[in-house]
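In the UniProt record's numbering, the protein residues as written are 1 to 744.
Here a beta-carbon is modelled for each residue, glycine too, at the ideal position from N, C-alpha and C.
A short write-up of the structure that comes next.
Written as structure tokens, this is what we have:
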């Protein structure tokens with residue numbers, strides 16, 4: 001034996017020497033270090049078979065086998081053997097080259113000899129990614145797929161270091177433990193990200209590019225759940241759905257100088273950009289992203305502090321976003337909830353007061369910090385009718401025609417804004433805030449306001465609102481001089497058709513106001529509504545009036561007249577009221593059926609009224625059937641009793657199904673414009689009880705439109721409750737109103 005020591009030994013078939021020829025072997029120095037027993041002598045092929053078994057030929061299989069025997073003779077395992085041998089890196093490299101060159105032969109033999117395969121796998125010659133330059137056997141390490149470059153946040157790992165594809169293939173043939181791309185991301189990358197919170201490095205970005213370039217949708221869907229994507233400054237890792245594509249000009253403008261973009265390595269890689277888009281990178285403006293952009297502008301606006309340059313930068317960004325909205329309003333397809341939110345975000349550039357200083361006429365312009373919501377802004381075309389109440393759009397973002405056609409409510413002032421503006425203009429006029437030179441322009445503004453209000457008052461709900469807000473306010477210019485306080489009158493003081501003013505109580509409507517009849521008639525009486533004295537004592541009636549008046553006279557003044565042939569027994573007091581069957585049958589189909597059903601042989605002429613009703617109310621009911629005007633009947637009723645009186649009439653009218661008169665009663669109640677909570681609750685209660693559908697529908701609509709006003713009244717009433725009876729009564733009213741107040 002020449003190695004590990006040059007000495008004579010006794011041959012042993014169980015521990016044969018390894019023959020290495022005189023020309024040597026590439027592994028000779030390494031095998032020496034590993035204490036492999038080597039000889040330079042060989043036996044002739046005709047030598048005794050027993051002797052031949054004591055020396056192995058220098059084959060790949062025998063070399064591996066001698067390493068196992070070296071372990072046994074040194075009482076070490078393979079790892080200890082290599083550790084004690086103090087091999088250099090080049091030695092490990094030569095061993096790996098030998099294994100790779102002979103791998104097929106070795107694997108084939110290992111498939112037949114399990115012990116040999118275990119020895120082959122146990123060789124600790126395979127480098128792993130570690131700062132300590134470690135080597136592992138083919139059992140204890142982990143092999144990463146060759147599709148990805150290796151990356152780890154840890155310095156020391158058990159992942160094999162493959163310098164080329166051959167290394168990967170050899171380790172694969174040796175059956176090492178391996179992980180695919182998704183397993184690697186899930187078990188080795190993301191856990192480190194979520195526990196160590198490392199700063200992104202250039203190496204990580206390059207690794208991430210490789211991952212994204214795979215186009216593996218499973219990996220993409222997993223990564224998007226975590227903070228795995230570096231921001232533009234590479235200062236932190238964030239979720240991909242918090243970042244924006246810098247290629248989009250809207251995003252590039254709105255989020256300029258922020259960290260909400262990708263680093264250049266990812267932004268400029270088309271494959272990465274596509275993958276990130278699938279993961280949630282915001283690449284196009286949709287309805288939700290538009291809201292995010294609007295909120296970003298609102299946030300940037302709030303951070304401006306006396307910096308004119310920065311303010312102009314943010315205004316320019318906001319203009320880009322608003323113009324985008326105008327151009328893409330159809331494709332964005334907002335739902336009602338999203339649109340409601342957009343209307344209330346203050347991101348729209350508004351005309352600042354200093355922009356309007358060139359025209360001193362528009363005094364008292366609504367204060368604005370330069371950004372407002374769509375809900376509050378007014379278009380320049382409506383400037384005259386609202387400038388003191390509504391901020392105006394900046395000229396650069398005035399709504400386009402196509403946008404206004406889709407959303408005509410944008411930029412249009414509310415009727416409350418217009419009325420409040422009118423109040424302000426009137427006050428400023430009386431205070432002579434303008435010079436005489438502005439008189440014509442001022443009158444033109446006032447007429448524009450009247451014209452718009454006149455148009456809006458064609459809607460019953462707006463009309464009722466205007467009645468409430470304008471009640472006895474002297475805001476109508478019924479003369480030529482807006483600076484003269486006496487030229488202003490309240491709507492209730494004007495009378496259409498009056499030829500001369502009446503002692504400063506009523507005023508004729510002058511030409512300047514006559515075209516605004518819709519506006520004025522909501523509170524202005526006509527001359528026909530007054531009760532003028534007759535010009536002549538001679539009253540000419542046609543025959544119809546003579547008949548009706550005669551019948552009514554007999555009903556009212558001669559209750560026991562011999563021409564009456566039916567008696568109604570009314571109320572608990574059994575009051576007897578006489579009437580004529582023929583007249584009632586002619587006036588009401590219901591009575592005609594009642595009288596017709598009675599047997600012709602009977603002489604019964606008394607009818608009990610089955611509902612609880614006052615006798616005077618039933619008498620009024622008969623007067624109506626006889627043709628008397630309801631206005632004449634009710635003209636002497638006190639205002640406090642008026643509504644109750646009409647409900648009593650509705651009760652009996654509903655019972656006898658006289659629809660024509662019922663409609664008149666409903667119209668009378670509607671025209672009275674009751675807005676007090678107590679009255680409204682009574683109306684809702686009895687309109688349901690007496691089937692007054694027109695009346696109920698009108699007030700249900702009124703409540704829904706004015707629910708804030710109703711709620712305010714309820715709140716005030718609740719504050720003043722003092723006893724149980726009042727609380728119980730309020731509870732009943734609330735029960736009536738709640739279904740309508742909760743209506744959306």
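Per DSSP, the continuous alpha helix (DSSP H) segment holding residue 209 begins and ends at 202 to 213. The closest CA to that of residue 144, considering only 72, 167 and 254, is found on 167. Classified as exposed, residue 344 has fewer than 16 neighbouring CB atoms from the shown chains inside 10 Å of its CB. Taking a contact to require three or more Cβ pairs closer than 8 Å, the segment 193 to 202 and the segment 227 to 243 qualify as touching. Under the three-state reduction of DSSP output, residue 156 falls in the coil class, being neither helix nor strand. Distance between residue 268 and residue 249, taken at the CA atoms: about 15 Å.
Taking a 10 Å sphere around the C-beta of residue 187, we find fewer than 16 other C-beta atoms and assign the residue as exposed. In the structure shown, the three-state DSSP call for residue 349 is strand. Between the segment 605 to 620 and the segment 658 to 667, the count of C-beta pairs closer than 8 Å stays below three; the two stretches do not touch. Between residue 377 and residue 390 a beta carbon distance of about 7 Å is seen, short of the 8 Å cut, so the two are scored as contacting.
For the set 182, 242, 227 and 244, the Cα lying nearest the Cα of residue 216 is the one of 182. Contact annotation, residue 677 with residue 623: C-beta distance approximately 33 Å; criterion of less than 8 Å not satisfied.
Residue range 474 to 477 is occupied by the beta strand (DSSP E) that includes residue 474. Contact check between the segment 251 to 266 and the segment 313 to 323: three or more CB pairs, one atom from each, fall below 8 Å, which counts as touching. Look at residue 645 here: in three-state DSSP terms it is helix. Assigned with DSSP and collapsed to three states, residue 136 falls in strand. In the three-state reduction of the DSSP assignment, residue 374 falls in the coil class. Between the beta-carbon of residue 190 and that of residue 226 there is about 6 Å, and that keeps the pair under the 8 Å contact cut.
In this structure residue 695 is in contact with residue 683, their Cβ atoms being roughly 6 Å apart against a cut-off of 8 Å.
Note that the C-beta distance between residue 448 and residue 381 is not below 7 Å.
By the Cβ test, the segment 429 to 445 is in contact with the segment 473 to 485, since at least three Cβ pairs between them sit closer than 8 Å.
Note that the segment 415 to 425 touches the segment 456 to 473; at least 3 beta-carbon pairs, one per stretch, sit closer than 8 Å. Counting only residues of its own chain and dropping the five nearest sequence neighbours on each side, residue 149 has a CB closer than 8 Å to the CB of 206, 207 and 210. A Cβ-Cβ separation of about 6 Å places residue 279 in contact with residue 223 under the 8 Å criterion.
Residue 435 counts as exposed, since fewer than 16 other beta carbons sit within 10 angstroms of its beta carbon.
Residue 409 places its beta carbon 7 Å or farther from that of residue 457.
Within the DSSP secondary-structure output, residue 516 pairs in no beta bridge. Per the coordinates, the alpha-carbon of residue 731 lies some 47 Å from the alpha-carbon of residue 515.
In the pairwise beta carbon analysis, the segment 21 to 38 is classified as touching the segment 66 to 74: at least three pairs are separated by under 8 Å.
Cβ contact annotation for residue 666 (same chain, cutoff 7 Å, sequence separation greater than five): 692, 694 and 695, in chain order. Put simply, of 510, 483 and 481 the residue whose alpha carbon is nearest the alpha carbon of residue 495 is 510.
Listed in chain order, the non-local C-beta contacts of residue 350 below 7 Å within the same chain comprise 368, 370, 371, 372, 377, 391, 392, 393 and 394, local neighbours out to five positions each way being set aside. Between residue 50 and residue 19, the C-beta spacing is not below 7 Å.
Runs of the alpha helix (DSSP H) lying entirely within the segment 400 to 466 and spanning at least 4 residues, in chain order: 401 to 406, 415 to 430 and 439 to 456. In the displayed model, residue 190 falls within a helix according to three-state DSSP. Here DSSP, grouped into helix, strand and coil, assigns residue 126 to strand.
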